[in-house]
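These notes concern the structure reproduced below.
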Amino acid sequence: MLTTESLAKIDREVAKYPAAQKQSAVMGALRIAQQEKSWLSTDLIEFVANYLDIPPIAAYEVATFYNMYDLKPVGKFKITVCTNLPCALGGGVAAADYLKEKLNIGFGETTADGKFTLVEGECMGACGDAPVLLVNNHSMCSFMSKEAIDAKLAELDKLGN
Amino acid sequence: MLEIEINGQQLTVETGSTVMDAANQAGVYIPHFCYHKKLSIAANCRMCLVEVEKAPKPLPACATPVTDGMKVKTHSELAAKAQKGVMEFLLINHPLDCPICDQGGECQLQDLAVGYGGSSSRYEEEKRVVANKDLGPLISTDMTRCIHCTRCVRFGDEIAGRMELGMANRGEHSEIMPFISKTVDSELSGNMIDLCPVGALTSKPFRYSARTWELSRRKSVSPHDGLGSNLIVQVKHNKVYRVLPNENEAINECWIADRDRFSYEALNSEARLTKPMIKNGGIWKEVSWTQVLEYVAHGLLDIRKNSGASEIAGLISPHSTTEEIFLFQKLLRAFGTNNIDSRIKQSDFSADSAYQGIPWLGQSIAEFSSLNSMLLVGSNLRKEIPLLASRVRYAVKHGASVATITAKDTQQYIKFKGKALVSPANFANTLLAVLHAVAQSAGKPLPASFDTKVEVTALHQEIAKTLLSGEKQVILLGAEAQYHPQFATLLAIANAIAELSGAIVSVPALAANSVGAWAVGAVPTDAGDNAVQMFAKPKQAYVLFNVEPELDTYNPAQAVAALSSAKMVVVCSAFKSAAAEQYADVMLPITPFSETAGSYVNTEGKLQPFNGVVKPQGDARPAWKVLRVLADVLELPGFAYDSAEEVRADALDAEKILSRLNNRLGDGFAVNGLSAVDSIVRHAEVPLYNADPIVRRAPALQATKDVAVPVAVVNPALAERMGLSAGAKVQVKQANATSSFELVIDSLVADNTVSIPAGHPATSMLGGYFDHVSLERV
Amino acid sequence: MAVFEKGVIFEGVDTADSSCWSLAAYQARGGYTALKKLIEAQTPQDEVIAEIKNSSLRGRGGAGFPTGLKWSFMPRSFPGDKYIVCNSDEGEPGTFKDRDIMWFNPHALIEGMIIAAYAMGVKRGYNYIHGEIFEVYERFETALDEARAAGLLGERILGSDFSFDLFAHHGYGAYICGEETALLESLEGKKGQPRFKPPFPASFGLYGKPTTINNTESFASVPFIIKDGASKFLEAGKPNNGGTKLFSISGHVNRPGNYEIPLGTPFATLLEMAGGMKDGKKLKAVIPGGSSAPILPGDVMMDLTMDYDAISKAGSMLGSGAVIVMNEDVCMVKALERLAYFYHEESCGQCTPCREGTGWLYRVIHRIENGLGRPDDLDLLTSVGNNMAGKTICALADAAVFPVRSFTKHFRSEFEYHIENKKCLVDHKWF
Ligand SMILES: Cc1cc2nc3c(=O)[nH]c(=O)nc-3n(C[C@H](O)[C@H](O)[C@H](O)COP(=O)(O)O)c2cc1C
Ligand code: SF4
Ligand code: FES
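Residue numbers (our numbering), protein chains in the order written: chain D, 1 to 161; chain P, 162 to 939; chain W, 940 to 1370.
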């Protein structure tokens, strides 16, 4: 179900915890699985659960508790914008509005070409850099003025072709 | 010990007690939802907030440890305000649908809302709606009613041994659910219904059929496994509507297995036999009791006169009551035959003369919760005695280690320390090797009769080490050992291991009254035939009592052949059956446990009497009365009993049962022929909802995943050697019997083993459970 | 992100230098000498803890609990495993200091944790890192590899008998995991649902073993205290408020960012350092310690110094040191609505008052903001809030209630205006 590379990464996570505590690696394993497949299907969650020898519902609880796991397909680029108060004061809401307008989608939606999904985020611990976006969970973009958003979208658009 | 004051009442409690424990001890009620004495503390409902002197905020009684000198007020203004506040939060998203809710009248939320809720709601936003879940045929859901107490989740994880429900999502979106498209398959699942304080989880078979206040509650005892779970049977209009646990800490605690809970459906089913019937020229005819008893008496007298009473055999189910069994054997013996047995699925009786007492659990049920180490031999304990398995898991959670010798690696939700997956044919030499390993570790000499050569591997040593690791050790012989053709040998080796290690040997009763049946004499004496012999050497007449030999005997093909050629087959049963209609000549409708007074002796030797909870259906009659009248018709003296109690008093002395229980064998018992076997044998489990006539007729249980069309399972190595592929149809031959099955390949089964369950019509034409078998592609 | 001032943690760190985070750069700044000193001198554990106590270092994660005292709770002679855990899950809106510590100076944290492990006799530690900062997590892992390769982590550290290993655990988006027991649950691979205390982590923590949890900044302050002495640290702040502290300034200032300044520095000075109010607008309000801290009106703030005692006397909390600055264009109903939404989203869902109450609060504020408020809504908010605060396992419910109480207290007229006139008193602009 996952590449040997992903499995090796999961094994590295497992090794961080005491031998009897494999379950500790479930967050890392789900992250790695999602990174490879872009979202967590039921089968994928079950696979991870079995790999770690935990009940599937225990893995499912985790997958549905933490915001950054996607349990439905997302676009090639998932863009999360922080609109929490400190960010809003620094232009976060304006950035989100601009993104909605440019991509012509609302929060939780994906562009027709399947390239972009826009998500409203909570505090990313980067309020001083507002507006901030997170691309595909792992790449943070700071000080995202309109111009910076234009440039970023153009760059991603190209990458996505 | 700690001093605490609750509402001005002074008391002393154990160190480590919570405020809730103390309140319970003081008889003070503190409202609660998530707290349950048998589950871990979640402290999430917040209903039990109380005032604790010097604490700035109200504290949850369920989770707050008592400190010495603590002063608690459960009804102060602070406490009451906190409790009211929580109640308001619980109700804002709860549908106020009590009139149509199955929990109505027995809902903790409803009860408490009356005492703690406000009169009208200040919450005017839209209420939450939560999608219902398909949890399988037993539990029905109304998830919008859920108050997120997580009792159901904790039950699965902590008591049932497997987390099948979880609380997914978070915050307000939290939902109780199984993993996508999975159901709740635990054999203990029904307890979640009892635990759910609201109407989110209710009984599917019971749903909408009655309101709790219309039902009367009668005490009874479960007729299924040997535990003897205590029941509350709920009755309306002379019909059983529902079965609930009757708490008994020493036996079933506050739980019952699904089998105990949902099998009642069979009692009300169309399958009940309610008229005496006689077959005449192949046609069944309803007759009166007088006619039927005359007919039976006549037939039996005829056979005795022409061929002798030894041509009559009586087989009685160990699910029958003590009184029935006592009268059954008394009648047959008085009539002149000793071919009487109740050990219907057993195949090895070679130790019959060596038993030092009646085989039993070996110690009390409760002691299983505190055992330290255990060896399971041929046991799928979870499915044999679900609540005993739950006690073992409890012990494991508290540090016990368990090893197993099995032919199929069934899921016990226990991490085994030592697992020998071997063909049933190799149970005995594996156990012998463990005995050798135990002797080595313990540095003790082997008993002479076991000093044969056997190869001891690291695995045997590991199993021995596991068993020796604790102080309270148990070697348990499960169904596959008890029905095994080398049962006596296994028991002898187990006893030898016990001798060296200090372990207790346990032979748990797999039927409600196995111990009672033995105690009142339902075993052959004076060269009478046992359960196998009576079919191996066909008799002219059979009296079958609550047994369906085509499903319930070790070698159904042999049993059916013998029955089919008999002159007369008398069936006493609560149920009709197509098979019996073929082989029987006469059918006597007797009542199930719910319609007669009686008693069971459970596997730890406890006699538990009960009364009928409803009146007999149709013309069915309590069997003790039937047997008494039959004795009269046969003119046998000594049957003038006026009540079940009188029969019981004559049958056994409850005080003395314990002293009659013993799993040891006398010195004379010899062990031989223990070399490793590498031919192919069958492994037959009796699935838990196929184990007796009642469960087999309970529709909801029959719809669970535990009931499946039998397939033949082999491991990959055997499949490869035989060139068989998964999904293929294979012909299975046992002696003269042949049936075909779909082949499943699974490494959970030992090599050289074909696992095909018993207790199912599709396997009723096969031979012995653990006998040699051959496989061929069709 | 820029770090404009330097103190206990950022002394000598040139954030413009892209290798300032490396082991070599850290060692060049005198890094790991504190650890070497302890190990070479075989300093007794109690002495290390005494030194931390003397420094009066207070936990930087929000509650301000004295760090040395917390360390002394750890059972010293416990036979089994013990753990230390660093809380780098900063998710409290307005807080972004731990990210900079791990990005620019990760070895300060690593050294601090090794010293803590030494002092408490711990062999294994974890750093739980906020989900959204994956790049920081990766850098931290690299820093761990560096330390391991240099013999600073692992078996027999620097040739001594002392062994300790440290691992990073990556969160994946749940504010509640900043709460220490939720964090432990999450580390165990479960949902981040806080545990009831007692038992406290010091006796029943990670995997049920004794565990000490501190914030990133708390641990990262430790090398300085050991190297330069408790008194030097103490002197850097003011009595009972030892040391310098990182303040994360966000909102309507010209130079948002982290400022490491002595505790006790006037707010006015801090505001000036951050370049003053953006566009010269008027200061309306400040949340001085992260979103959970009660809001204070601008004029009150201008008279305060930035330390635990002063802020708490004024009715708020220094919390995590996240200073959220708002100008006159901000509608307080709108601002509160956004915070209420946050707590509603982030409630873990286990305790009834929080699961049900956060949504209720949000919905009432939302309807006020949308012109559907009712006359008794402010009383309703107070009453619902009172039924939540102090009634739950963890303090998230309290954190959700504090803003509601303080916003409706200090800016009551704005809420009343909204309810009466179905619209904003101010011409709201976020920025
Ligand atoms: C809802 C909630 C969120 C919290 N978030 C954080 C956080 O993001 N980072 C942090 O260090 N402490 C956070 N805390 C405080 C921690 O529980 C804990 O007190 C702290 O990590 C202890 O470290 P310290 O003593 O070094 O401050 C939070 C507490 C609560 C109740
Ligand atoms: S379904 Fe019932 S038992 Fe389970 S959490 Fe909800 S209210 Fe509790
Ligand atoms: S019973 Fe105590 S919190 Fe639920």
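Quick reminder that beta carbons are idealized off the backbone N, C-alpha and C, glycines included.
Looking only at its own chain, which residues have a Cβ that is under 6 Å from the Cβ of residue 947/W, when we skip the five neighbours before and after it? Answer for residue 947/W: 1160, 1163, 1182 and 1183, listed in chain order.
Name the chain P residues that come within less than 9 Å of residue 1326/W, Cβ to Cβ? Chain P residues near residue 1326/W: 242, 243, 245, 246, 247, 249 and 250.
Reference residue 982/W, options 1054/W, 958/W, 1035/W and 1032/W, closest by Cα: Nearest to residue 982/W by C-alpha distance, out of 1054/W, 958/W, 1035/W and 1032/W, is 1054/W.
Verify the contact flag: residue 329/P, CB atom, against every heavy atom of ligand 2, threshold strictly below 7 Å. It does not: the Cβ of residue 329/P is nowhere closer than 7 Å to a heavy atom of ligand 2.
Taking the continuous alpha helix (DSSP H) assigned at residue 490/P, which residues delimit it? Unbroken alpha helix (DSSP H) run through residue 490/P: 483-496.
Using the beta-carbon of each residue, which ones in chain P are nearer than 7 Å to residue 1329/W? Ordered by position in chain P, the residues that pass the 7 Å Cβ test against residue 1329/W are 218.
Sheet register partners of residue 282/P (DSSP bridge): Beta-bridge partners of residue 282/P (DSSP): none assigned.
Residue 1179/W - containing alpha helix (DSSP H), residue span: According to the DSSP assignment, residue 1179/W belongs to no alpha helix (DSSP H), since it is labelled neither H nor E.
Whole-Å CB distance - residue 1357/W paired with residue 1272/W, under 8 Å assumed: At roughly 5 Å, the Cβ-Cβ gap stays under 8 Å, so residue 1357/W and residue 1272/W are in contact.
List, in order along the chain, the chain W residues whose C-beta lies closer than 7 Å to that of residue 206/P? Contact annotation for residue 206/P against chain W: 1291 [CB-CB distance below 7 Å, chain order].
Looking only at DSSP bridge pairs, what is residue 304/P linked to? Answer by DSSP bridge pairing: none, since residue 304/P is not bridged.
So with Cβ pairs under 8 Å, would you call residue 330/P a contact of chain D? Interface flag for residue 330/P against chain D is set, since a Cβ pair is found closer than 8 Å.
Three-way DSSP call (helix, strand, coil) for residue 771/P in this model: Three-state DSSP puts residue 771/P in a strand.
With a floor of 3 residues, list each beta strand (DSSP E) that falls wholly inside the stretch 823-862 of chain P, ordered by position along the chain. At a cut-off of 3 residues, the continuous stretches assigned as beta strand (DSSP E) that sit fully inside the stretch 823-862 of chain P are 842-844.
For residue 1245/W, the residue or residues it bridges with in DSSP: Looking at the DSSP assignment, residue 1245/W forms a beta bridge with 1204/W.
Residues sharing a beta bridge with residue 438/P, DSSP: Answer is 447/P and 748/P, bridged to residue 438/P.
Residue interval of the beta strand (DSSP E) (run including residue 77/D): Following the DSSP letters along the chain, one finds residue 77/D inside the beta strand (DSSP E) bounded by residues 77-82.
Using only the alpha-carbon positions, how far apart do residue 328/P and residue 279/P sit? One C-alpha to the other measures close to 28 Å.
Residues of chain P with CB closer than 8 Å to the CB of residue 1283/W, please, in chain order. Ordered by position in chain P, the residues that pass the 8 Å Cβ test against residue 1283/W are 332 and 333.
Can residue 483/P and residue 760/P be called in contact, C-beta distance under 8 Å? Against a cut-off of 8 Å, the Cβ pair of residue 760/P and residue 483/P comes out as a contact.
When we look at the beta-carbon of residue 536/P and count the other beta-carbons within 10 Å, is it buried (16 or more) or exposed? Answer is buried; the Cβ neighbour count reaches 16.
Quick one: what's residue 1066/W bridged to in DSSP? The partner list for residue 1066/W (beta bridge, DSSP) reads 1025/W and 1107/W.
Name, please, each residue of chain W whose Cβ falls closer than 9 Å to the Cβ of residue 200/P. Within chain W, no residue has its CB atom less than 9 Å from the CB of residue 200/P, the nearest being about 14 Å off.
Opening and closing residue of the beta strand (DSSP E) in which residue 378/P lies: Taken as a continuous stretch (DSSP letters only), the beta strand (DSSP E) holding residue 378/P covers 377-382.
Straight-line Cα distance separating residue 1035/W from residue 92/D: When rounded, the distance between both Cα atoms is 16 Å.
Residues bridged to residue 1229/W by DSSP? According to DSSP, which records beta bridges pairwise, residue 1229/W is partnered with 1227/W.
Suppose the cutoff is 6 Å on Cβ atoms and the five residues either side in sequence are ignored; what does the same chain contact list for residue 941/P look like? Any question about residue 941/P goes unanswered here, given that chain P covers just 162 to 939.
Cα-Cα separation, residue 654/P to residue 605/P: Distance between the alpha carbons of residue 654/P and residue 605/P is about 15 Å.
Helix, strand or coil for residue 703/P per DSSP? Residue 703/P: strand per DSSP, three-state reduction.
Put residue 8/D into one of helix, strand or coil per three-state DSSP. It is helical.
Cross-strand partners of residue 933/P (DSSP beta bridge): Per DSSP, 842/P.
Is any heavy atom in ligand 3 found nearer than 7 Å to the beta carbon of residue 207/P? True, at least one ligand heavy atom lies under 7 Å from that Cβ.
Measuring alpha carbon to alpha carbon, tell me which residue in 790/P, 910/P, 824/P and 934/P is nearest residue 452/P. For residue 452/P, the closest C-alpha among the options 790/P, 910/P, 824/P and 934/P is that of 790/P.
Buried or exposed (CB count within 10 angstroms, at least 16 for buried), residue 726/P: In the assembly as shown, residue 726/P is an exposed residue. Its beta-carbon has fewer than 16 other beta-carbons within 10 Å.
First and last residue of the uninterrupted alpha helix (DSSP H) at residue 164/P: Annotation for residue 164/P: no alpha helix (DSSP H) segment contains it, though the beta strand (DSSP E) segment containing it runs 163-167.
Through-space distance from residue 704/P to residue 457/P, alpha-carbon basis: Our two residues, residue 457/P and residue 704/P, have alpha carbons roughly 10 Å apart in a direct line.
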